[in-house]
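These notes concern the structure reproduced below.
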Amino acid sequence: MIRQNGHDPRCTEGGGSWPTGPWRGPRGRTVPFAYPSRKRPTRSPSTRGTPIRRIRLRDGAAFSVRPSFLTPYMTARVADVEGPLFLRTFGVPFWALARVFGRDPMYWYRLTCGLGRANVAGTTIRRAEIPAHLLADEHHQTIDGTKVYVATVVGEGCVLGAEPAATAGAAELTAAYGVFKAEARDVEPGYAPRTVSVDGWASTHQAWLALFPLVVLLRCFLHGWLNIRSRGKLSESFRELSRRAWEAYRAPSRRGFSQRLRRLREWARGRGMSAWLLEQVEKLCGRSRDYAKAYSHPGGHRTSSMLDRMMRGMNRYFDRGQHLHGSPAACRLHCRAWALLANYAPWHPAVTLENEGWRRPAERLNRHRYHDDWLQNLLISASLGGYRSNPPQNP
1 MIRQNGHDPR
11 CTEGGGSWPT
21 GPWRGPRGRT
31 VPFAYPSRKR
41 PTRSPSTRGT
51 PIRRIRLRDG
61 AAFSVRPSFL
71 TPYMTARVAD
81 VEGPLFLRTF
91 GVPFWALARV
101 FGRDPMYWYR
111 LTCGLGRANV
121 AGTTIRRAEI
131 PAHLLADEHH
141 QTIDGTKVYV
151 ATVVGEGCVL
161 GAEPAATAGA
171 AELTAAYGVF
181 KAEARDVEPG
191 YAPRTVSVDG
201 WASTHQAWLA
211 LFPLVVLLRC
221 FLHGWLNIRS
231 RGKLSESFRE
241 LSRRAWEAYR
251 APSRRGFSQR
261 LRRLREWARG
271 RGMSAWLLEQ
281 VEKLCGRSRD
291 YAKAYSHPGG
301 HRTSSMLDRM
311 MRGMNRYFDR
321 GQHLHGSPAA
331 CRLHCRAWAL
341 LANYAPWHPA
351 VTLENEGWRR
361 PAERLNRHRY
371 HDDWLQNLLI
381 SASLGGYRSN
391 PPQNP
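Quick note: the sequence shown uses full-length UniProt numbering, first residue 1, plus one each step.
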């Protein structure tokens, strides 16, 4: 695999040889490795003592080829940093990493943020198609005390986009979700999702319809029930109300779902519950048509449970690190780095057993791994910056 900071998984720390002929990269792209128009000098960074081959292809594109046991820009050996970065996925603050593993907090901060330079969707989607059914929501976060909204896209248990927006308006969210669109179409030209599960925020709806006019927006049923639970959980009728609501959700057909919501509304009106609680039940039942769209789109997400699982980890990650700090560009890289760490960091062994031996979300999605070490697997996947058609070039 090649890029201006490319990884070659066949060149191992214990030895091995450089490629000597054309070979197929991880994205199915044949690379004319042995036939560059001009070979550039081999470089050996004094900080690592590892020779780095520099080549230029016939089309003028120049690349460095480096082994996967080195991090981008030769900042560290993977064996020295994979442990600290794994702990970082649990929200261990940078100062704690510096106290235990040495260096200084900014070293670990920069090393983490550097992962965010790669295409999130392209690095995650390796040997699989981009999911046709997505979930999207905005995670509320702060940059030096100023509120921002991280536009998050999830599909098949993986984070496919995490882009901060300054406000929750339609224009800003369109730009934030537009980054996912651009990166996804670099992987699959012409890609468009079939459905996107969203909450009731109008700007989110407008953003997705502006980016993908034919997409079907599925309203999350869970959010409707959570609105009821927020103040109605102390009501005597809440337990029975919840049972009836989820019984309606489990209806096998669209017609049965609508009928059960009508019965729920009739039951609620005769219970003498508070005006506020009855209003929330009326809202839930009044959205029957929006909720029922999912029956016409098998595979679509009727609730945001998959997204919520990923966003709980995001909240823990940033909360334990005292949220976002620094320039907007650095915070953007940090959000994207979290997404890749969430996709490639190992699961608990019990979760691995439940997922046919696959050790992390990206592996399960692609049914493939390049290396047993999770960080090397991530770096190999991020070769060419995760891009297919036009990888970024250093001058």
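Positions of the beta carbon are idealized from the N, C-alpha and C atoms, including for glycine. Remember, it's a predicted structure, so these values are computed and weren't measured experimentally.
The three-state reading of DSSP puts R126 in coil, since its state is none of H, G, I, E or B. Ranked by Cα distance from E163, the options A330, W347, G386 and L353 are led by A330.
Assigned with DSSP and collapsed to three states, G200 falls in coil, not helix or strand. Annotated three-state conformation of E163 is strand, per DSSP.
Restricted to the stretch 134-197, the beta strand (DSSP E) segments that are unbroken, complete and at least 3 residues in length are 146-155 and 158-165, listed in chain order. Going by DSSP, R54 is part of the beta strand (DSSP E) stretching over R53 to R56. DSSP places P67 inside the beta strand (DSSP E), whose first and last residues are A62 to P67. Beta-bridge annotation (DSSP): R219 is paired with V198. Counted as a single uninterrupted DSSP element, the stretch harbouring A251 is not any alpha helix (DSSP H), since DSSP gives it neither H nor E. Boundaries of the alpha helix (DSSP H) around H334: P328 to Y344. Here L277 carries a helix assignment [DSSP, helix/strand/coil].
Going by beta carbons, R336 and G116 fall inside the 8 Å limit. Remark: C-beta atoms of S197 and G83 do not approach each other more closely than 8 Å. Within the same chain, Cβ atoms closer than 8 Å to the Cβ of E138 are found at Y149, V150, A151, T152, A165, A168, L173, W201 and T204, the five residues on either side in sequence being excluded.
Under the three-state reduction of DSSP, R369 is assigned to coil, being neither helix nor strand.
The continuous alpha helix (DSSP H) containing R99 extends over residues F94 to F101. Under the 10 Å beta carbon count, D186 is surrounded by 16 or more other beta carbons and is classified as buried. Excluding the 5 residues flanking it on each side, R265 has same chain C-beta neighbours closer than 8 Å at V281, E282 and C285, in chain order.
If you draw a straight line from the Cα of S230 to the Cα of R312, it is about 18 Å long.
For S296, no alpha helix (DSSP H) run applies, since DSSP gives it neither H nor E. The beta carbons of A62 and R54 sit about 7 Å from each other, so the pair counts as a contact at 8 Å. Of the other Cβ atoms in all chains shown, fewer than 16 fall within 10 Å of the Cβ of S327; this residue is therefore exposed. Each residue's CA atom was taken as its position, placing L241 and R262 some 13 Å apart. Secondary structure note for M74: it is in no alpha helix (DSSP H), with a DSSP letter that is neither H nor E. Spanning the alpha carbons of R302 and T50 requires a straight line of approximately 51 Å. Beta bridge pairing from DSSP links L324 with I143. Selection Y370, E363, P346 and P131 evaluated against L85 yields P346 as nearest (Cα-Cα). Of the residues Y295, R254, R255 and Q259, the one whose Cα lies closest to the Cα of R244 is Q259. Taking the Cβ atoms as the reference, L365 lies roughly 7 Å from G157, within the contact range of under 8 Å.
The Cβ atoms of A98 and D104 lie closer than 8 Å to each other. Counting of Cβ neighbours within 10 angstroms places Q322 among the exposed residues, the total staying below 16. Pairing E183 with L217, the inter-Cα distance amounts to about 21 Å. Inclusion of L340 and V120 in the CB contact set at 8 Å is warranted, their separation being smaller than that value. Per DSSP, the unbroken alpha helix (DSSP H) holding W374 starts and ends at W374 to S381. For H334, the number of other beta carbons within 10 angstroms of its own is at least 16, and it is reported as buried. Counting of Cβ neighbours within 10 angstroms places M314 among the buried residues, the total reaching 16 or more.
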